[in-house]
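From first to last, the protein sequence lines stand for chains A, B, C and D. Following our numbering, the numbering of the first sequence begins with 1 at its first residue and continues without gaps. Following our numbering, the numbering of the second sequence begins with 97 at its first residue and continues without gaps. Following our numbering, the numbering of the third sequence begins with 301 at its first residue and continues without gaps. Following our numbering, the numbering of the fourth sequence begins with 1305 at its first residue and continues without gaps. Read through the structure below, which is laid out as structure tokens, and then see the notes.
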Amino acid sequence: MLLISCPHCGPRDEHEFAYGHEAHIARPTLDQQNTMSDAEWADYLFMRKNPKGVHFERWVHARGCRQWFNVARHTVTHEIIKVYPMGEPAPKLEQK
Amino acid sequence: MAEAYTRRSALQHFGLTAAAAKSDVAGAEIVIGESAHRAIVNIRGNSSDAAFIAAVKSVTGVDLPVKPNTTAQSGAFRVLWLGPAEWWVVTTGGTEEKLVADLRQAFAGQHAAVVDVSESRTVITISGASARDVLARGCSLDLHPRAFGPGQCAQTGLTKANILLDQTDATPSFDIYVLKSFGDYLWQWFWLIGRDYKFAIKAQ
Amino acid sequence: MSAQKNRVATGGRIDRSKPIRFTFDGKTYYGYEGDSLASALLANGVTLVGRSFKYHRPRGIISAGPEEPNALIEVGTGARREPNTRAPQIELYDGLVTASQNRWPSLDFDLGAVNSVMSRFLPSGFYYKTFKWPKDGWLFYEKFIRRMAGLGTGSQETDPDRYDKLYAHCDVMVVGAGPAGLAAALAAGRAGARVVLVDEQSELGGSLLSERERTIDGKPAAEWVATASAELASMPEVRVLTRTTAFAYLDANMLSCVERLTDHIGPSATGPRQRLWRIRAKEVILAAGSIERPLVYSDNDRPGCMLASAARTYVNRYGATPGQRVVIMTNNDTAYQTALDLTAAGVSVAAIVDLRANPTGALAQAARAKGIEIIENSAIIHVKGTKQVREVDVQSLTSDGKGVTGSVRHLYCDTVLSSGGWQPTVHLHSQTRAKVVWDDGIQAFVPGPIMPGQNNRSVGSARGAFGLNEALNEGHNAGAEAAAKFGFSNVTGNAPSAEAEPESQPLRSLWIVPSNVPVGQGGKHFVDYQNDVTAADVQLAHREGYVSVEHLKRYTTMGMATDQGKTSNVNALAIMAGLKNVSIPEVGTTTFRPPYTPVTFGVFAGSDKGDFLDPIRKTPIHQWHAEHGAPFECVGQWHRAWYYPKAGEDMHAAVNREVKATRDSVGIVDASTLGKIDIQGPDAAWFLNMVYTNAWTKLEPGKCRYGFMCGEDGMVFDDGVTSRISENHFHMTTTTGGAPRVMSWLEEWHQCEWPDKKVYFTSVTEQWAVFALNGPNSRKVLEKVVADIDLSEEAFPFMTWRDCTVAGVKARIYRISFTGELSYEVNIPPSYALHVWRALMTAGEEFSITPYGTEALHVLRAEKGFVIVGQETDGTMTPQDLGFEWIIGKAKPDFIGRRSHLRSDTKRPDRKHLVGLLTENPNDVLAEGAQVVEHVKDKPPMTMIGHVTSSYYSPNAGRSIAMAVIKNGRNRMGQTVYLPYEGKVIAAKISKPTFLEDGAPANG
Amino acid sequence: MKQNYSIFSLVRNALSYHQGWQEAWRSPAVPKPEYDVIIIGGGGHGLATAYYLAKEHGITNVAVLEKGWIGGGNTGRNTTIVRSNYLWDESAHLYEHSLKLFEGLTQDLNYNVMFSQRGLMNLAHTQHDMQALRRRVYAIQLNGIDSEILTPAQIKEMVPILDCSSSARYPIMGASLQRRGGVARHDAVAWGFARKADERGVDILQNTEVTGFKIVNGVVKGVETNRGFIGGKKVGIVVAGHSGVMAGLAGFRLPVESHPLQALVSEPIKPILNTVVMSPQVHVYVSQSDKGELVLGAGIDAYTSYAQVGSPFIIENQLNALTDLFPCFGRLRMLRQWGGIVDTCPDASPIIGKTPVENLFLNCGWGTGGFKATPGSGNVFAHTIATGEPHKLAQPFALDRFTTGYLIDEHGAAGVAH
């Protein structure tokens, strides 16, 4: 069971959290929506990096403070490398 | 409001008063009870805004606990940290309407919110030497005195219900705030786990 | 009391003053307190204890621990019967009932042993090559194969025991309470750290419990263990768990452990039977010891064949000897200690057969000094005796160790002990997915670097440091260092110390002990005892190309038995490496998967049985519904009153009555489960514009509006009515099942996408109980209990809300409707819910007010064509598909899902549309889920164009009504379609999805 | 020709101490410089693709590249359930195609894949479950596939050890039954395809990891591997959980996430359960293997992972539900627990067909349900690669459905994994 450090509440068991999938997918602006192709929209909606390695993803402390945050987690080791707030860009990490 | 006698607590149908009368509180390893009808008001605002902190203080006398998972008390008012911009003000039942009004007035002009949630929760109290043991059956938090103590609170899970856990003294005693719809479930869960302990029911 | 013929007169940790009666296969025996079932059986001279899985070969006890492959026993009777329990790990209690398994009619005479005779035709994988004829024959063969397979028999009765589970936390967790683990726990505990020490045995000490002569800190080992145990028990922050197996090492230093609370007491025990500990440690010290490997020699499975170390445990710890006359075969020095200990107990050691030439280690010298014959550079080539070892043949090894030469010696004996070296117990380390690496020195896998994100270290023999002093030192240092990491640096005392290890010689790897006939053509060289995998099977796998470790395991089933290959994996890998002429790690390492030893299903479930499986959420007047006979419908976790049958009524009659009464006069429903969200802030209206498909900016305070929410994929995912309380304050309602999802949805968009928007969301679902009065007389009922506001149409029109007092209780009433009737949704504090409900019932008496449940609610809304998200929708329907084109805010610049509505498939005009279906026979009520076709054929396949989403008998329409989603349905009005299901075909006409006069706008 | 496997060959070989068996497939020491088709991924789907390319399309200059050992991924980690009771026409036809191939597979491959059509039951516990169940059964029936609805009494008769009492937290209200559904021996499927593909000339290259693609002007020309460059006129990616990694190497993204899916077996016991029982509501999927082990599947873990492990509470919840459904299972013991990496699509349906790179084809997204599709998937994918155009059954499952919005959503309505 993952141990996730909520930026507010500290380390809690995984079952207190809900997974928010890949982070840093910005919703297209209205202008973009109106000019983009269906394929580009599909890219926003569905296409994912799904890396084998460090994944920048979102979690929410659903059974706790209900706050969303970003996590850099290794998808092979499950090591949580960094927890950082929403809105902050993905950290540059040494390649693991 | 209607006559008080028409008001029912979430767990009233379990006959807690009668059970409490028969309970041996002194010899018990755990003592559980329902503390119903508290005033619980959810407040939202910006804790880095001095005006917000001042407004809370002006109404409750409490210095807003900005440290996560802590509580602060002043007189009848207890303020519990729920999130970085969310707290509960808990006080004597029946005063929630006034509290909501006072807080709204104090927050005037700020981006803040006040929501009465008193009626949505009941409180199950648990106290006694084995209280931590019992909670460990359903709660993954570390409640060891080195890790958790009076003045701390946490929203977490207790078995399959979501709760807010507030340690009220070092006995230890805990207040467990739970949605009323889960009240039956959680109360019966305590009975289930409690069968391996000497336990007693406390009157409200 | 029958004599225990293999019981030593004195010594060991059993209490000879406390005899314990037990039965095995119906026969009564006696053992002593402190015995395991295995030791008691051995003491009684019982060596045949089971039959193997495939060949049904007679089998005896191999080991003294969890690695036991053979002695699998059924314990208990009736509902408590438990198959496949390992005899060395069963503690005796009075009245213990045990039985052998996988034999018929008896252990001694087992018809299944025909497989042994036929074994030549049953090599690994034989079933892949046969049983292929005729084409459908497999089901036939399978029946027989299944009956032959399967080991023990599971009970078909409900397990009467209960189980417990809990969470725990510590600074330092120590797995294994042998010398290394005890030293670690003592060091960390003395420093003041929170320590959990677990050990699977009934008492602490691990390997020290089997020692005869070793001393620690000048005390006999057993005494040192007792002192250490007492000290640990006295430390308030140290928790010691015996009979507890750490069976899984999970992410982030969480270990799952199972504590056996009553298995050693039996059915008379009270309290939970077993307990699941989920322990989150800051650091874990793995001190789980090591497991001896058997040698792979010809017919090495005959009852009486045993691990050398096991014999040592039986004689030293339990005062039970495996037999009377023993031959030992070894490739290393440790077996000599067994010889010395057996000799000391009066057991005759006929000879030690050492695969090595010229053994001169200290223990070998000691054995020689005791007069024990050492036959060096030699091997046991045959074991004679089927149900009991009678004799062994010994021959010298050729120089390459691959054959034998010279004259054959016959040695009479009833027991053959073997030692093939030791394999550290690396299971938990490996479970973290950290690598294990091959250590040439000890010819075993040892822990490699630990996994990132984990925090553990292996000490003592668990990492391949087999010396006692090494174990004590490493344990102590690990405990002290781990404690210091968490701020407990004040370690008192030094590492315990023992006398120096006897000087020893390296082992000789001879992974197959040769015989004088080729492997596979004479006796069987078992590698995996339980699954009957032999060296010849490994050779066959190699021949056929199943050469990787995973293929080897799967093809031969090696390592897949209940012992998970604890004694066989390395031997099998090594044999394969020899065949491939590569190093052992090049063949691969096995991945150790949890659990370390099998764990009862029941303990995972814990106490959460029955209604505790999933919480049942109840509304504030749940009791009232129950008292009035309502069955409940599951809606998510909620239980909602389904209908209220009166005496003699079935569901259909009750629902018809409820539906009719509501349209004719007044009905009342408990709608408290409806999701409710308080939304406040200057950007609240902006936010609603984004999450709903329609526009909200212009909604006036005091008014309500219905809306659909879509996912970003454009599909409907919730609906409901939202009311404006004040300029910056809204009250949103959601579906019952969707409430938590919508709340999360709002927070997610706010926090992740639009954090600058000033708005707060608070769930108030349970702040309000909701009772909906519906029907032409609902106003009249309400007027009797509401005095402070004007309820007239003009003063309180449709789609508005008012605060007022209902029966003395502060309330908020929304004039919204899900029935198309005059309707008031009365919101009141739940603590007054029963009072208000009763007041409304009383007030409604003169109008025959009728409580109705969810079924009538569904009929009433369907009569007016209101949709239910989750019933008319399934994640593939847009608002347009549902006919709610009008609810899409065309003028709105943006909302979630909007762009998806513009995709080619989503904007197709001939998508599935929500329509009504009127059956030709008005009394035919279609099944929900029935499929719609245009053209009926004699038999399938038929082309389906849609399905029925809702279907009821409508007493108000006087006929059946149904809603369906049908391809291009809105352009097929009046078309007759067919619904073939359950052997019939029902014809129906496509209509609009409203069945009384046109409905008012819907309400979620 | 390969040795024929039969009772006669078994007896004959027994007389020579089984010294005469040949290797089931060759392990070529050196790859050819170029193949007509390279299949990346030596799982069941990849091997089946190679087999059908050779058998049905006469394309035998084929290599299957497997970074580890064939059948070592999800093929060897699933709960071996085979069924075709899918809601949507597109899925039903595809899985039924596969089920039909399964019915002749043992003979076709001369390898006993132990396809045991012992019947497969889907339990319903709520009104909503029952509605969804009827919808599915009626649709399946009209697609010409066997499926029927059972009453609780019929369920109890078939599986007496199920708790069918109405007082259960989730009482059993009914079930659907597909009698032709069942289980098969997963390893045998992979090995059988490998053996027969090899017989027709396919090179199975184990321990061969693809590290890159050679793409010239948008056309794939071959793959870089740890054994050097291997040319390929056409390349098919069939790597399940690692599809995203391969797509990344080829320069495009997929609507796929990889998640852990956990499974476990009990210790073997004598026959106690003769039907596959599935309860999507409480996430229980159970059958008994021929060896006697109860084989259980759980729900997927929420987070993406390539670790082949998941979280313990998934298993706890599953066993909680299992021991409620089968109260006599409480005393059985978990023997082994493991995880696979499942590649899930937003609509819980696979992707089969072309990619943005010419001559590079893709077959992935089978999520929790890939095993049952093995022969069908290989069959339609082989057609797709051989002809360059999607097989008609594969057509709806093209990647561009995510652009048009024509999803085949098997989540809600089918509601079943595995």
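Quick reminder that beta carbons are idealized off the backbone N, C-alpha and C, glycines included. This one's a predicted model, so the numbers in the text were calculated from it and none came from an experiment.
Measuring straight from C-alpha to C-alpha, what distance separates residue i and residue j?
i	j	result
E391/C	R48/A	55 Å
W1392/D	F1195/C	30 Å
V1277/C	K1212/C	15 Å
E1053/C	A26/A	7 Å
K1239/C	I1655/D	31 Å
R1005/C	Y1114/C	11 Å
L1122/C	P1076/C	6 Å
A874/C	N1426/D	45 Å
R12/A	T264/B	22 Å
Under 8 Å between C-beta atoms, does residue i make it to chain C?
i	result
Q1411/D	yes
H78/A	yes
L254/B	no
V54/A	no
Between residue i and chain A, is any beta-carbon pair separated by less than 8 Å?
i	result
D1194/C	yes
R1557/D	yes
F1533/D	no
Y1610/D	yes
Give a yes or no on whether 8 Å exceeds the smallest Cβ distance from residue i to chain D.
i	result
V472/C	no
H24/A	no
A1288/C	no
E374/C	no
Identify whether residue i lies in helix, strand or coil by the three-state DSSP scheme.
i	result
F912/C	helix
Q1326/D	coil
D740/C	coil
C1632/D	helix
V196/B	helix
Y84/A	strand
A296/B	strand
Could you tell me which residues DSSP pairs with residue i in its beta bridges?
i	result
S105/B	S105/B is not bridged to any residue.
V155/B	Beta-bridge pairing links V155/B to no other residue.
L1218/C	K1289/C
Minimum length 3: unbroken beta strand (DSSP E) runs contained in the region 242-288 of chain B
If we require 3 residues or more, the beta strand (DSSP E) runs fully inside the region 242-288 of chain B come out as 249-254, 257-265, 269-275.
So within the region 1425-1483 of chain D, which uninterrupted beta strand (DSSP E) runs reach at least 3 residues, ignoring any that extend past its ends?
Counting only runs of 3 or more, we get 1452-1454, 1478-1482.
Threshold first: 3 residues or longer. Then list the beta strand (DSSP E) segments lying entirely within the region 1086-1121 of chain C, N to C.
You should have 1101-1106, 1109-1114.
Would you list, in sequence order, the uninterrupted beta strand (DSSP E) runs of no fewer than 3 residues that lie entirely inside the region 557-588 of chain C?
The region 557-588 of chain C contains these whole beta strand (DSSP E) runs: 574-586.
Can you list the alpha helix (DSSP H) stretches of 4 or more residues lying completely in the region 12-81 of chain A, in chain order?
Those alpha helix (DSSP H) runs which fall completely within the region 12-81 of chain A and span 4+ residues are 30-35, 38-45.
Could I get the ranges of all uninterrupted alpha helix (DSSP H) runs contained in the region 854-891 of chain C, with 4 residues as the minimum, in chain order?
Entirely contained in the region 854-891 of chain C, the alpha helix (DSSP H) runs reaching 4 residues are, in chain order, 869-880, 884-887.
4-residue-minimum alpha helix (DSSP H) runs that sit fully inside the region 426-479 of chain C, ordered along the chain:
Fully enclosed alpha helix (DSSP H) runs of 4 or longer: 426-429, 438-448.
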